[in-house]
Amino acid sequence: MARKIIDPITRIEGHLRIEVELDGNRVVDAWSSGMMFRGIETILRDRDPRDAPLMTQRICGVCTHVHYDASIWAVENALGITPPPAARIVRNLILGTQLVQDHIIHFYHLHGLDWVDIVSALGADPKKAQDLAHRFADDPWNADAKHLEAVKNRLAAFAKSGQLGPFANGYWGNPSYKLPPEANLLIASHYLDALDVQRLGGQVLAILGGKEPHTQTLVVGGVTCVEDLLNPKRIGDVLFRIRKLGEFVRRAYIPDVLLAGSVYAAEGLQGIGAGHGNYLAYGAYPLSDDLDRGKLFMPQGVILGKDLGRVYDFDPTKVSEYVTHSWYTYGDESQGIHPSKGVTQVNYTDLDADGYVRGDGKYSWLKAPRYDGQPMEVGPLARVLVAYARGVPEVRALVDGTLKRLGAPATVLFSTLGRTAGRALETQWVADALPGWVEELVRVMKVDGRTFVPYTLPDEAVGFGLTEAPRGALGHWVEVRGGRIANYQCVVPTTWNAGPRDAKGVRGPYEQSLVGVELADPEQPLEILRTIHSFDPCIACAVHLLRHDGPSRTVRVL
Amino acid sequence: MPKCPHPRRAPSPPDVERRLDGLEARFQGRGHDLEELLASRGISRRSFLKWTSMMTAALWLPPSFERSVARAAAVATRVPVVWLHLQECTGCTESALRTAYPGISELILEYLSFDYHETIMAPAGEAAEKSLEDTVESHRGAYLCVMEGSIPTAMDGKFLRLGPKGETGLSLARRVAAGAKVVIAIGHCASYGGPQAAAPNPTGAKPVHEALGIQTIRIPGCPYNAVNLVGTVLHLLLTGEVPALVDGRPAWAYSKRIHDTCPRRAHFDAGEFVEQWGDEGARKGFCLYKVGCKGPYTWNNCNEMQWNQAASFPIRAGHGCIGCSEDAFWDDMAPLEKPLAEGAVAIPFLKGVEGSVDTVGWTLIGATAVGIAGHAVYSAARKGSKPGHDGEEGNHGA
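Line by line, the protein sequences are chains A and B.
So for the first sequence, numbering that gives the first Met the number 0 puts the first residue at 0; every next one is plus one.
So for the second sequence, numbering that gives the first Met the number 0 puts the first residue at 0; every next one is plus one.
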């Protein structure tokens, strides 16, 4: 048995350490540790509640905007107001575009190198690569042999320089890279195209939100970008970019995932990286203007034990957080506490004398959230599975079509590969919906030009906002007293996924998903990165949300 | 009001050319070839020359330097860069991927030779550590170090630990800074501490220059605008010197007030204001001062350079500036959506300029008067509280 530290986990947001126990080449146990703490919730206390959205947005610059969105809903919920339809649609448009852009960046720039061997691409035949592209798409994105030849030459010149920059010391040639050279070249070529394409998403967010990352257009009660909403050229600019993003998803992203999926299908069928098989979605993208947002584009729900035959309704009161293995202390650490009541004091117990985490003690800045006592996976796969199980027609068609194409049963989805595929399918689901929302926006602006509802700030109020970030279910809870923030709490996707063990010693989703993973070469943690990256970690989100000090406060459970 | 601190002496063209000869020889064959990159993106020589003219002018250099700027841009893609992530949100890295004007800046930034950059690099763990050690060793004294994020100093720095040995962020930053040619503090966190340094700052988060006790070039903003980083890198390559600084920030980018370059300025002067989000004034693009715009107290070039390939900038989207390139803006400019004059008592632990906020308050006669008095008093407060704000902070050899 050998203990191995992988730190830093690169190509993610934030500071994550993974430690694994290896039996030969096989992972038999794992520990996931968030290694950075900021304390933003503490900092929010006593501020104007309307500053919370702008400040919480700074929790993360990769999933930028999503905390802004959740926080605005939370404050509005506390005030008992609902924004006008135009504002709701603008928010959906920004959130959806951000998701599409973020998923594209994740697949190509953060996760892609776990599946694609850049060095192998140097041995590709560009003509064959072109043919390969046509097997997975009728009109593949930028995949003619001449272009692919130029990309290959560029990669070759780069490799010849001997100075590989970010590609230096990669795990090139590892036997777990299974794609043929032509597939590697094609996806590497799209890696470069995606750098340009993702900017279109940034531009849409800038047009509607001023700049990106960190947009500046949502306000409690509405949105500020009314002047641009009344400008047909600007609406045209948005629509053009949204369509172009959708085109890239259809002609590059989806075919590339299908191509990789066809080669790595065996991994998926073996269930490598599956984890607990519990999935949770809060739901997002309100389609109606009632206060409790009854109609959602992405449905909420809970799936337990990989059983797609049954979806439970999500009940926010069943969320609790444990700190038994986190660098905080509770009076009674055998119990979890609901986030609206939970407060923690720092109890940093350090690494052990050899620099390893104390796996049987406290070992992470993340808490361990549980739903009804169970660890839950959140994220694109969870949302797609919930929507699939609830029979959302677009998702049914996307998932069934993909499975048919791969000739694989639905169980292939319960895996690392399934997580990656689920994210791609979700991207198309959302990208297909975006143009319709632009149309709805134009119609609404014609008959109801309101972009803001006035309100008065009460002295005392509590509220919460639930939404879906690219990485999964996101919730903010706020309590206002004397017109200022008395308590602020967030439970975020990566805390669900990357949190440590709970009081019963049950592993968190990252940890569980690593058990059983085989490494081709124990010196190269490629397969571990592949599984961890399939969750799309965002550690900044997960960590600094935890309370640092202060007395315990009671908030009504919402 | 900061003076415009021009460089002490204009660099002489022969010196610059000699310098570039040396850099080209030193980094020959490394990284990317800029011409090839431009060609591969379909960017014409003509567009590149236009960009060169823009950057030359932006850096306050005479047109005779355009050729040198073009050469420096080509060298820029070959100089090794170590980019450290500290206490941050990675928004500045995302900004590097997306945001620049007019396209060539971002290309250069994207293809700077990132020998260590956790967000994009292929290896992890020990192999990533090796990339870092290799660069620090083989390019000691020559690599550029970009630091993104503040540095937590409470609890012996253990609020942030990195790498297989669990080194603290403080220790790693100190080690990497020691071998760097120059340290660039990118974004508000590295420049001034960011949101985690806002009161009560539970982790003892400090900006890089304070935590390490070194000089940095600060490129603040939340996030920063990529053009400001690229211009600074070009200046370093051209002259080997830190550009003229105002309050630690490159003067060429941060010496104009948002308010003074604002496209809505005419409405301010005419007394036409947005009184409430979404009102008639908002539909007509009136001044945002009364809904909290901090443009009068903020020095940056957002209005001129804009964001996301000039798609927009916050004031255009109808939201006031929040002052994100200024020290302690989370505390000093809160509440962000109200004029400073109305926000004097919003946060009990305000630090820094509360005096000036009160002073602005007494001039509350008319909005216009407040705005105008606002700048004057705010500037005076900055002057008093921050020695050196108006002066050059030295052209230390870089």
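For glycine and all other residues, C-beta sits at the position ideal for the given N, C-alpha and C.
Computed from a predicted structure; not experimentally measured.
> In angstroms, rounded to a whole number, what distance separates the CA positions of P295 (chain B) and F313 (chain A)?
Replying inline: Roughly 47 Å between the two C-alpha positions.
>> I want to see whether chain B comes within less than 7 Å of F247 (chain A), judged by CB atoms only; does it?
In response: So, not an interface residue.
>> Please state the DSSP three-state secondary structure of P212 (chain A).
In response: In the structure shown, the three-state DSSP call for P212 (chain A) is coil.
>> The beta strand (DSSP E) that contains A283 (chain A), what's its start and end?
In response: Where A283 (chain A) is concerned, the enclosing beta strand (DSSP E) stretches over 283-285.
> Does the beta carbon of K82 (chain B) sit closer than 7 Å to a beta carbon anywhere in chain A?
Replying inline: Reading off the sequence, residue 82 (chain B) comes out as Trp, not Lys. So no, W82 (chain B) is outside the interface.
> Do you know whose CA, among A:E226, A:Y67, A:G372, A:A283, lies nearest G277 (chain B)'s CA?
Replying inline: For G277 (chain B), the closest alpha carbon among the candidates A:E226, A:Y67, A:G372, A:A283 is that of A:E226.
> Tell me which same chain residues have a C-beta within less than 7 Å of the C-beta of Y115 (chain B), skipping the five on either side of it?
Replying inline: Excluding positions up to five away in sequence, the list reads V81, W82, S130, L131, T134.
> Could one say the Cβ of D330 (chain B) lies closer than 7 Å to chain A's Cβ atoms, at least one of them?
Replying inline: Taking 7 Å as the CB threshold, D330 (chain B) stays off the interface with chain A.
> Run through DSSP, which three-state label would S533 (chain A) get?
Replying inline: Correct three-state label for S533 (chain A): helix.
> Does DSSP put N76 (chain A) in a helix, a strand or coil?
Replying inline: Helix at N76 (chain A).
> Are the C-beta of P434 (chain A) and some C-beta of chain B separated by less than 7 Å?
Replying inline: Not flagged as an interface residue toward chain B: P434 (chain A), since no C-beta distance is shorter than 7 Å.
>> Counting only beta-carbon separations shorter than 7 Å, does C221 (chain B) have a partner in chain A?
In response: Closer than 7 Å to some Cβ of chain A, the Cβ of C221 (chain B) qualifies, so yes.
> What residues in the segment 102-119 of chain A have a beta carbon less than 8 Å from any beta carbon of chain B?
Replying inline: Listed in sequence order: I104, H108, L109, L112, I117.
> Nearest to N230 (chain A) by alpha carbon, out of B:A281, B:T92, B:A123?
Replying inline: Comparing Cα-Cα distances from N230 (chain A) to each of B:A281, B:T92, B:A123, the minimum goes to B:A281.
> At what residues does the beta strand (DSSP E) containing I218 (chain B) begin and finish?
Replying inline: Its beta strand (DSSP E) spans residues 216-218.
> How is L85 (chain B) classed by DSSP in three states: helix, strand or coil?
Replying inline: Of the three classes helix, strand and coil, the one that applies to L85 (chain B) here is coil, per DSSP.
> Out of A:S188, A:G300, A:G95, which has the shortest C-alpha to C-alpha gap to R389 (chain A)?
Replying inline: Selected option, being the one with the closest Cα: A:G300.
>> The alpha helix (DSSP H) that contains L279 (chain A), what's its start and end?
In response: No alpha helix (DSSP H) holds L279 (chain A); the beta strand (DSSP E) holding it covers 278-280.
>> Check for me: the beta strand (DSSP E) holding V514 (chain A) runs from which residue to which?
In response: Here V514 (chain A) belongs to no beta strand (DSSP E), and DSSP marks it neither H nor E.
> Can you name the residues of chain A whose CB is closer than 8 Å to the CB of I321 (chain B)?
Replying inline: Within chain A, the residues near I321 (chain B) are L53, Q215.
> Quick one: what's G504 (chain A) bridged to in DSSP?
Replying inline: The partner list for G504 (chain A) (beta bridge, DSSP) is empty, contrary to what the question assumes.
>> So, does the segment 266-282 of chain A touch the segment 406-413 of chain A, judging by three or more C-beta pairs under 8 Å?
In response: In the pairwise beta carbon analysis, the segment 266-282 of chain A is classified as touching the segment 406-413 of chain A: at least three pairs are separated by under 8 Å.
>> Any beta carbon of chain B sitting closer than 7 Å to that of P212 (chain A)?
In response: Yes, contact with chain B.
> In this structure, does DSSP put S325 (chain A) in helix, strand or coil?
Replying inline: DSSP places S325 (chain A) within a strand segment (E or B) once states are collapsed to three.
>> Taking 7 Å as the threshold (C-beta atoms), are A472 (chain A) and P492 (chain A) in contact?
In response: With a cutoff of 7 Å on beta-carbon distance, P492 (chain A) and A472 (chain A) are scored as near each other.
> Which value, in whole angstroms, describes the spacing of the CA atoms of W329 (chain B) and P180 (chain A)?
Replying inline: Straight-line Cα distance between these residues: approximately 51 Å.
> The alpha helix (DSSP H) with D133 (chain B) in it runs from where to where?
Replying inline: Here the alpha helix (DSSP H) through D133 (chain B) covers 124-137.
> Between the beta-carbon of P315 (chain A) and the beta-carbon of Q488 (chain A), is there less than 7 Å?
Replying inline: By the CB criterion at 7 Å, P315 (chain A) and Q488 (chain A) fall outside the cutoff.
>> Just to confirm before moving on: does the CB-CB distance between P206 (chain B) and Y223 (chain B) stay below 7 Å?
In response: One thing to note: P206 (chain B) has its Cβ no nearer than 7 Å to the Cβ of Y223 (chain B).
>> Along the segment 16-46 of chain B, where does the CB come closer than 8 Å to a CB of chain A? Name the residues.
In response: Answer set for the segment 16-46 of chain B: G28, R29, G30, H31, D32, E35, S39, R40.
> Do you know how far the Cα of L525 (chain A) is from the Cα of Y170 (chain A)?
Replying inline: If you take the alpha carbons of Y170 (chain A) and L525 (chain A), they lie about 7 Å apart.
>> If you follow the alpha helix (DSSP H) that V237 (chain A) is in, where does it begin and where does it stop?
In response: Per DSSP, the unbroken alpha helix (DSSP H) holding V237 (chain A) starts and ends at 231-247.
> Which residue or residues does DSSP assign as beta-bridge partners of H475 (chain A)?
Replying inline: For H475 (chain A), which the question treats as bridged, DSSP gives the partners A:G464, A:C489.
> If we call anything under 7 Å between Cβ atoms a contact, is V446 (chain A) one with S32 (chain A)?
Replying inline: With respect to S32 (chain A), V446 (chain A) sits apart: the two C-beta atoms are not nearer than 7 Å.
>> Under 8 Å, CB to CB, which of the residues in the segment 194-207 of chain B have a partner in chain A?
In response: For chain A, the residues of the segment 194-207 of chain B that bring a beta carbon within less than 8 Å of one of its beta carbons are P194, Q195, A197, A198, P199, N200, P201, T202, A204, in chain order.
> Just the Cα atoms here: how many angstroms apart are S311 (chain B) and I234 (chain A)?
Replying inline: Spanning the two alpha carbons is a distance of roughly 13 Å.
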